[in-house]
Amino acid sequence: MRNLPALILLGLAGLAVGCATPLSTMQTAKTLSPGQVQVTGSMGVFVPVGTLASVVDVGIDQGLEAKRAIEEDRPYTLTEEDQQRLLTAGLALAVAPPGVNPELMVRVGLLDGFDVGGRYNGNALRFDGKVRLAHGGPGPRRSYDLALGLGVSKYLFSGAVMDVLEVVQLGDFSRTDVEVPLYLSAEYGDVFKLYGAPKYVFSHTRLDAQLVDFSQQGKPVTGFDASLPSTVNSHFVGSTVGFAVGYKYVHFYAELTGGYVFCNPHVFGQKRDLGGMTFLPSVGLGFRAPERRPAASANPATPGTLAPPST
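Quick note, the sequence shown lines up with residues -18 to -1, 1 to 293 if you use mature numbering (1 follows the signal peptide of the UniProt record, and there is no 0).
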């Protein structure tokens, strides 16, 4: 079991994609017109506030306990409960570390009131559709929209971590996300857009079977339970709020996504809470092609009436 530490690192890499979820929106509720295309590049910063707070709390508690031990002239020791708290806090930070998340999204209108898109962030491919539920407004320069979306993400395990560790040939990692957002937005002319998107994301990750088998063999040799789960499920419930400002075909987007991640896998001998409050501030730049409008008739007439004679 000399490769057990490497296997543990590999398991954490699998858990990391099992609990960390891409959360940006970068679009309004208004669907693209048929044939219209929009390309958006964005950058977000993943901030697991709940996890960071847990790590800080554990550090403060252990610092105070060490100080009391020194003042009372007794050895400082970690109880089993303290060890489990430290391990859980460390795991939570390892599987969902703060980081930068770049993305590229391309969307196209297929039908009136329906568009589709694809997104790539270096780690996953996401495909989604959005259907318009309601559209209205006091005038042609102002509109309000409501739309329902459905997205599926498939993660790309390129094997970079596996190749570096060179432990064993593993290739059976997989993760799939299903996202259901409800888009709401208000647009004011070609200049300003305000939008929100409450959303739910379900994530299912399957770890490599060989890795799970190896992890279960570590305890008799090391005395440490390094067992890993065969699957990891997580749930995100939250919302995005944002705005876009620009003119006609180019807009700058800024948004904040926040919510709670529920992730409770059975890792290293215990069920552990690896979720918590999560925030993702993002900015992006979107380029939208002009709408494809049908050619106007040379002599238009209102249906049911006669066109005026030409002179």
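Cβ atoms here follow ideal geometry from the backbone N, Cα and C, with glycine treated the same way.
(request) For HIS186, I'd like the list of residues in its chain whose CB is within less than 6 angstroms of its CB, leaving aside the five on either flank, ordered along the chain. (result) THR158 and ASN215, listed in sequence order.
(request) Since I believe GLY266 is in contact with GLY23 (beta carbons under 8 angstroms), could you give me their beta-carbon distance rounded to a whole number of angstroms? (result) 6 angstroms
(request) Using a threshold of 8 angstroms, state whether the C-beta atoms of residue 306 and THR213 are closer than that. (result) An answer regarding residue 306 cannot be provided, because it is not within the stretch -18 to 293 covered by the chain.
(request) Check whether the Cβ atoms of GLY131 and SER125 sit closer than 8 angstroms, and answer yes or no. (result) no
(request) Note down, one range per segment and in chain order, each alpha helix (DSSP H) of at least 4 residues found wholly within the region 154 to 198. (result) 191 to 198
(request) Since I believe VAL183 is in contact with GLU161 (beta carbons under 8 angstroms), could you give me their beta-carbon distance rounded to a whole number of angstroms? (result) With 8 angstroms as the limit, GLU161 and VAL183 qualify as a contact, their Cβ atoms being about 5 angstroms apart.
(request) For the beta strand (DSSP E) containing ALA116, list its first residue and its last residue. (result) 106 to 121
(message) Need the endpoints of the beta strand (DSSP E) that PRO263 sits in, please.
(response) 258 to 270
(message) Pop quiz: PRO4 and ALA106 are said to be a contact at Cβ under 8 angstroms. What is the actual Cβ separation, rounded to whole angstroms?
(response) 7 angstroms
(message) Out of GLY104, ARG123, GLY121 and LEU164, which one is the CA nearest neighbour of TYR137?
(response) GLY104
(message) Quick check: what's the CA-CA separation for ALA48 versus ALA71?
(response) 18 angstroms
(request) Please determine, among PRO163, ARG270 and VAL173, the residue with the shortest C-alpha to C-alpha distance to ALA179. (result) Nearest option by C-alpha distance: PRO163.
(request) List the DSSP bridge partners of VAL90. (result) VAL19 and VAL98
(request) Take GLU237 as the anchor and find which of LEU256, PHE261 and GLY99 has the nearest alpha-carbon. (result) Comparing Cα-Cα distances from GLU237 to each of LEU256, PHE261 and GLY99, the minimum goes to PHE261.
(request) Grab the span of the beta strand (DSSP E) containing ASN215 for me, first residue to last. (result) 213 to 229
(request) Would you identify the three-state DSSP class for ARG50, choosing helix, strand or coil? (result) helix
(message) Distance check for VAL223 and VAL29, CA to CA, integer angstroms please.
(response) So the two alpha carbons sit approximately 16 angstroms from each other.
(message) By the three-class DSSP mapping on this structure, what secondary structure does THR61 have?
(response) In this structure, THR61 counts as coil in the three-state DSSP scheme.
(request) Leaving aside the five residues before and after LEU93 along the sequence, list all residues of the same chain whose C-beta is less than 8 angstroms from its C-beta, in chain order. (result) PRO16
(message) Give me the DSSP bridge partner(s) of ASP127.
(response) Looking at the DSSP assignment, ASP127 forms a beta bridge with HIS117 and SER167.
(message) For ASN83, list the residues DSSP reports as bridge partners.
(response) Listed as beta-bridge partners of ASN83 by DSSP are GLY26.
(request) Please name the residue in VAL194, LEU256, PRO80 and PHE225 whose C-alpha comes closest to that of PHE218. (result) LEU256
(request) Put GLY133 into one of helix, strand or coil per three-state DSSP. (result) strand
(request) Kindly list the residues whose CB is nearer than 7 angstroms to the CB of LEU115, restricted to its own chain and excluding five residues on each side of it in sequence; keep chain order. (result) LEU128, ALA129 and LEU130
(request) Excluding the 5 residues preceding and the 5 following GLY141 in the sequence, name in chain order all residues of the same chain whose CB lies nearer than 6 angstroms to its CB. (result) With a pLDDT of only 46 at GLY141, under the threshold of 50, the placement of this residue in the model should not be trusted, and no figure is reported.
(request) Could you please give me the residues that DSSP links to LYS253 through a beta bridge? (result) HIS248
(message) Could you check whether the Cβ of SER221 sits closer than 7 angstroms to any heavy atom belonging to the ligand ZN?
(response) As presented, the structure is devoid of all ligands, the ligand ZN included, so that no description of it is given.
(request) Would you identify the three-state DSSP class for THR239, choosing helix, strand or coil? (result) strand
(message) Assuming PRO263 and VAL27 are in contact, meaning their beta carbons sit under 8 angstroms apart, how far apart are those beta carbons, in whole angstroms?
(response) 6 angstroms
(request) Go through its chain and collect everything with a Cβ distance to PRO211's Cβ below 6 angstroms, but skip five positions before and after it. (result) PRO247 and HIS248
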